[in-house]
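Please read the structure below before turning to the comments.
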Amino acid sequence: MIREQIEAKLRAAFEPVHLEVADESYRHNVPAGSESHFKVIMVSDRFVGERFLTRHRAIYGVLSEELSDGVHALALHTYTLKEWEGLQDTVPASPPCRGAGTLA
């Protein structure tokens, strides 16, 4: 449900040509069923001429409600179409959680 909210808000705000929102909560030290860690891969013309920090701040602004109410982490991969084409549709893998598997 939260993943769908994030996706809908990002589509409305950025009109991306490519968007992936992955729930990576299962990779972290959280109770089963948590929706707290997400990876966002977004390609948008709105990012042309914008630094990564500016792009990320814009996303945080759009998702401020989710970030203040349960979403603990966002791994953001933001690209222009030209940058995305240069990557040949690849993005860095998320690092493993340092506390995974230690939930008591």
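Residue numbers for the sequence shown follow the numbering used here, beginning at 6 and rising by one. Virtual Cβ for every residue (Gly too), placed ideally from N, Cα, C. What you are looking at is a predicted structure, and each value in this text was computed from that prediction instead of being measured.
Item                                                                           : Value
Proximity of A17 and H42 at Cβ, strictly below 9 Å                             : no
8 Å contact criterion, which E5 and R51 should meet: CB distance rounded       : Lying outside 6 to 109, the shown extent of the chain, residue 5 is not represented and no answer is given.
Nearest candidate by alpha-carbon position, reference L4, set L81, D74 and E29 : With the chain covering 6 to 109 only, the question about residue 4 has no answer from this structure.
Residues sharing a beta bridge with H82, DSSP                                  : I46
Closest residue to Q10 among V22, A27 and H23 (Cα-Cα distance)                 : A27
Endpoints, the alpha helix (DSSP H) within which V67 is located                : F57 to V67
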